[in-house]
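Which chain is which? The protein sequence lines are A and B, in order. Note that my numbering has the first sequence beginning at 23, numbered continuously upward. Note that my numbering has the second sequence beginning at 10, numbered continuously upward. Backbone N, C-alpha and C fix where the C-beta goes; we use that ideal spot for every residue, glycine too. To keep things clear, I will list the structure first and then write my remarks on it.
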Amino acid sequence: MTADPETSAAVKEFILAEFLPGEDPDELTESTPLITAGILDSIATLKVVSFLEATFGVSIGAHEADVEHMNTIADIVQLIQSKKGG
Amino acid sequence: MAEIAVLHDYLDLPVAGRSAHTAVEEADGAKITYGELGRLSDALRDRLLSMGVRPGDRVGVWVRKSIDAVAAIYGILKAGAAYVPVDPTAPAGRNGYIFSNCSIRTAIVEDRYAAALRSELTAAGQDVPLIEIEGAGGGLGLRRRLDALQSESPAPHGTTIRPAADDLAYILYTSGSTGKPKGVMLSHGNAMSFIEWCSETFEPSGEERFSAHAPFHFDLSILDLFLPAKHGATLVVIGEELGKEPTQLAQFIAESRISSWYSAPSILSLLVERGKLREYDYGNLRRVLFAGEVFPIVRLNALRHLWPLPVYYNLYGPTETNVCTYFQVPADIEDSRTEPYPIGKICSHLSGVAIDASGNPVLDGSEGELCIAGPGVMLGYWGQPEQTENAYYVSEDEKRYYRTGDIVAREEGGSYRYLGRRDRMIKKRGYRVELDEIEACLYLHPEIDEAAVVAVPHDELGQMIRAHLSIRGAERMSIIKLKRFCSEHLPIYMIPDQFSFHPALPKTSTGKTNYQELKQYG
């Protein structure tokens, strides 16, 4: 699977703007734990899901909006790529 | 030794036996001997009696911390009246409310505050005569005023009034949940039972020098005002300004050879952080007592490295009971310890029980609200019979216990662990969350200077947890770093939802974190 810097950048930008106003962008990396560190709670995770569906035209199931599939930006990018058949 | 029947009897013994010994000293070096303190408070007693003050009357004290304030308190007690101290730095509206709420008969007031107070009292329909003194310091203002009054209209030499032990000795106003201060009524017996316990527990000597750091309207001051007197020791009064300034205070504690320190933990934290304690000699310090809020363990351990000599005691208790549990911090420091020390065992003059929400005593190890009975428990709230009634828990054997509102667990051996305020425990998504536990976690972070966690109503979450922080040497900190740090110590549902950064957290007049103000924060 090839890395997708554009998807990654868009997800990062959305999370920073929506949930981490004022944060130093360098602190949010591909591997920063989002759900297990309390950065995304369940409501925030659903907002990310809506964003991904609207931006990338994919459909994400309720069972995928969890720590296993969405705990890091890398996880999220991989989830989107798998949806796009990447 | 003469029988101690009332609080002001503590002054009699040193006045008779150690009259030339220094009773009270101020930071600028002004001092008064026991003999002079006895005479000055007698003169105020005579003046008050000649003004018609009678046992049971309330007399206000609006004087900055000084020899004058100490003499005023003893003079009022000697007239058989109850003293009502107020925060000298508080607005006239608040202090006027307190004085009119308990219908003072008169007040000892520094002249700088007198005009504002007079208009507040007039507005409340209470035109009472005031004893205005020209500044506070060295006892000179009070002495001069009493001399002037004496030459205008001589007060006859009276005798000290000794009311019953159950009679009102002082009223301490604490911030009430309704927004108006609430007057906690305490008797001579309440304070004496505490002082006797202190005396047995700490065994101070007559050569000691006690700090008076807490304001006189704060219950910590009861120990300061009466324990040194009982032993004929010296009280070193620390004024409002010096008390808040860690660099000067650090030097002062060393140079004034304080042997017994007592304060809230917050100033001790400041001394650790900014006091440059390594630069001074604290060879006289043998005892450090702290009370009023939780001392973050990291700070306490840091202090013990800087001040290795003294014995440390964690004292716990609300104004309504004064100190009711105590814990002597063990001498061997475990720097790795992150769990706060317990609040300890119930003081020997009191008894305690922890009860569950339905009012049944809980088993050892289980959580419950701490309730306290015994001679230290207040008379009630001034003018609030209903609130007074609701403040107690009556056990099956009809014993009346004051409900502290604090949740504790009793450990093996009878020591209590403090878990949090009853009203600081919230439910979030069905989980019980203790806000104090989140605070304790934040204090483990080396960059966090101050932390206060509040719950605020939230549309989606029900309750949102917001942490207010001040960061050492920086305006803010990475939220990601903070949340990741919290996630190493707390379950996810306890990680704060929001963080707000402040240069310093707002404080109440007694130096505690002002949670009411933080809750209003947008």
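Three-state secondary structure assigned by DSSP to residue i
{"i": "B/Trp270", "result": "strand"}
{"i": "B/Gln472", "result": "strand"}
{"i": "B/Ile247", "result": "coil"}
{"i": "B/Glu398", "result": "helix"}
{"i": "A/Thr77", "result": "helix"}
{"i": "B/Asp233", "result": "helix"}
{"i": "B/Thr131", "result": "helix"}
{"i": "B/Ile352", "result": "coil"}
{"i": "B/Phe219", "result": "strand"}
{"i": "B/Tyr291", "result": "coil"}
{"i": "B/Gly148", "result": "coil"}
{"i": "B/Met10", "result": "Unreliable placement is indicated for B/Met10, whose pLDDT of 46 sits below 50; the coordinate value is still reported in the next sentence. Note: B/Met10 maps to coil in three-state DSSP."}
{"i": "B/Tyr92", "result": "strand"}
{"i": "B/Lys436", "result": "strand"}
{"i": "B/Cys450", "result": "helix"}
{"i": "B/Arg308", "result": "helix"}
{"i": "B/Tyr390", "result": "strand"}
{"i": "B/Val463", "result": "strand"}
{"i": "A/Ala32", "result": "helix"}
{"i": "B/Asp415", "result": "strand"}
{"i": "A/Glu86", "result": "helix"}
{"i": "B/Ile117", "result": "strand"}
{"i": "B/Ala178", "result": "strand"}
{"i": "B/Leu298", "result": "strand"}
{"i": "B/Thr519", "result": "coil"}
{"i": "B/Arg54", "result": "helix"}
{"i": "B/Lys253", "result": "helix"}
{"i": "B/Val442", "result": "strand"}
Inter-residue CB distance, residue i and residue j (contact presumed, cutoff 8 Å)
{"i": "B/Lys516", "j": "B/Val463", "result": "At roughly 15 Å, the Cβ-Cβ gap does not stay under 8 Å, so B/Lys516 and B/Val463 are not in contact."}
{"i": "B/Leu16", "j": "B/Met201", "result": "6 Å"}
{"i": "B/Ser160", "j": "B/Ala174", "result": "Incorrect: roughly 37 Å between the Cβ atoms, too far for contact."}
{"i": "A/Val33", "j": "A/Val80", "result": "So it is not a contact: roughly 12 Å between Cβ atoms."}
{"i": "B/Ala90", "j": "B/Arg114", "result": "7 Å"}
{"i": "B/Val33", "j": "B/Leu46", "result": "7 Å"}
{"i": "B/Glu378", "j": "B/Arg419", "result": "That pair is no contact at about 12 Å."}
{"i": "B/Ala449", "j": "B/Tyr410", "result": "With a Cβ gap of about 27 Å, B/Ala449 and B/Tyr410 do not count as contacting."}
{"i": "B/Pro172", "j": "B/Thr183", "result": "Not confirmed; about 24 Å, so no contact."}
Same chain only: Cβ atoms within 6 Å of residue i, ignoring 5 sequence neighbours per side
{"i": "B/Leu236", "result": "Ile204 and Cys207"}
{"i": "B/Val320", "result": "Arg296"}
{"i": "B/Leu445", "result": "A quick correction: the sequence has Asp, not Leu, at residue 445 of chain B. Once the five neighbours on either side are set aside, the close Cβ partners of B/Asp445 are Gly429 and Arg433."}
{"i": "B/Arg67", "result": "Ala91, Val93, Cys111 and Ile113"}
{"i": "B/Gly252", "result": "His222"}
{"i": "A/Lys106", "result": "none"}
{"i": "A/Val71", "result": "Ile82 and Ala87"}
Same chain only: Cβ atoms within 7 Å of residue i, ignoring 5 sequence neighbours per side
{"i": "B/Met10", "result": "Because B/Met10 carries a pLDDT of 46, less than 50, the predicted location of this residue cannot be relied on, and the following value inherits that uncertainty. Closer than 7 Å at Cβ, skipping near neighbours: Leu22."}
{"i": "B/Arg283", "result": "Pro255 and Thr256"}
{"i": "A/Glu45", "result": "Leu38"}
{"i": "B/Leu279", "result": "Pro255"}
{"i": "B/Gly520", "result": "Ala273, Ser275 and Ile276"}
{"i": "B/Gly102", "result": "Glu129"}
{"i": "A/Asp26", "result": "Val99 and Gln103"}
Proximity winner among the options, relative to residue i (alpha-carbon distances)
{"i": "B/Ile471", "options": "B/Ala461, B/Gly482 and B/Lys437", "result": "Contrary to the premise, residue 471 of chain B reads as Gly rather than Ile in this sequence. Answer by Cα proximity: B/Lys437."}
{"i": "B/Ile107", "options": "B/Thr98, B/Pro94 and B/Val246", "result": "B/Pro94"}
{"i": "B/Ile247", "options": "B/Ile381, B/Ile435, B/Glu129 and B/Phe225", "result": "B/Phe225"}
{"i": "B/Arg475", "options": "B/Leu388, B/Ser357, B/Phe510 and B/Gly241", "result": "B/Phe510"}
{"i": "B/Met434", "options": "B/Asp415, B/Arg426 and B/Glu421", "result": "B/Asp415"}
{"i": "B/Pro64", "options": "B/Glu446, B/Tyr179 and B/Gly423", "result": "B/Tyr179"}
{"i": "B/Glu209", "options": "B/Leu294, B/Ser357 and B/Gly69", "result": "B/Ser357"}
{"i": "B/Glu249", "options": "B/Val403, B/Pro97 and B/Ser404", "result": "B/Pro97"}
{"i": "B/Ala88", "options": "B/Ile41, B/Arg56 and B/Ala300", "result": "B/Arg56"}
{"i": "B/Leu158", "options": "B/Arg171, B/Leu139, B/Pro172 and B/Thr169", "result": "B/Leu139"}
{"i": "B/Ser479", "options": "B/Met473, B/Asp458 and B/Leu499", "result": "B/Asp458"}
{"i": "B/Val79", "options": "B/Pro190, B/Thr183 and B/Ala238", "result": "B/Ala238"}
{"i": "B/Gly482", "options": "B/Asp506, B/Ala513, B/Thr397 and B/Gly44", "result": "B/Ala513"}
Residues near residue i by beta carbon distance below 8 Å, same chain, minus five either side
{"i": "B/Gly392", "result": "Asn110, Cys111 and Gly192"}
{"i": "A/Val89", "result": "Ile57 and Thr58"}
{"i": "B/Glu141", "result": "Val118, Glu119, Asp120, Ala123 and Arg154"}
{"i": "B/Leu126", "result": "Trp71, Ala101, Asn104, Gly105, Phe108, Ala116, Val118 and Leu139"}
{"i": "B/Tyr502", "result": "Lys437, Arg438, Tyr440 and Val442"}
_Can you confirm whether the stretch 362 to 376 of chain B touches the stretch 331 to 348 of chain B when touching is taken to mean that 3 or more C-beta pairs between the two stretches lie within less than 8 Å?_
Short answer: they don't touch.
*Is it true that the stretch 493 to 511 of chain B meets the stretch 438 to 457 of chain B, where meeting means three or more beta-carbon pairs spaced less than 8 Å apart?*
For the pair of segments examined, the stretch 493 to 511 of chain B was found to touch the stretch 438 to 457 of chain B: the number of CB pairs separated by less than 8 Å reaches three.
_Touch test, the stretch 217 to 231 of chain B against the stretch 113 to 131 of chain B, Cβ-Cβ under 8 Å, three pairs minimum_ = Result no; under three Cβ-Cβ pairs closer than 8 Å.
*Three-pair Cβ contact test at 8 Å for the stretch 42 to 60 of chain B versus the stretch 272 to 282 of chain B*: Short answer: they don't touch.
*Could you tell me whether the stretch 386 to 401 of chain B touches the stretch 329 to 336 of chain B, using the rule of 3 or more Cβ pairs below 8 Å?*
Yes, the stretch 386 to 401 of chain B touches the stretch 329 to 336 of chain B.
*Can we say the stretch 483 to 492 of chain B touches the stretch 414 to 432 of chain B, given the rule of at least three CB pairs closer than 8 Å?*
Flag = no, the stretch 483 to 492 of chain B and the stretch 414 to 432 of chain B do not touch.
*Below 8 Å, can you find three or more Cβ-Cβ pairs linking the stretch 71 to 88 of chain B to the stretch 143 to 152 of chain B?*
Result yes; three or more Cβ-Cβ pairs closer than 8 Å.
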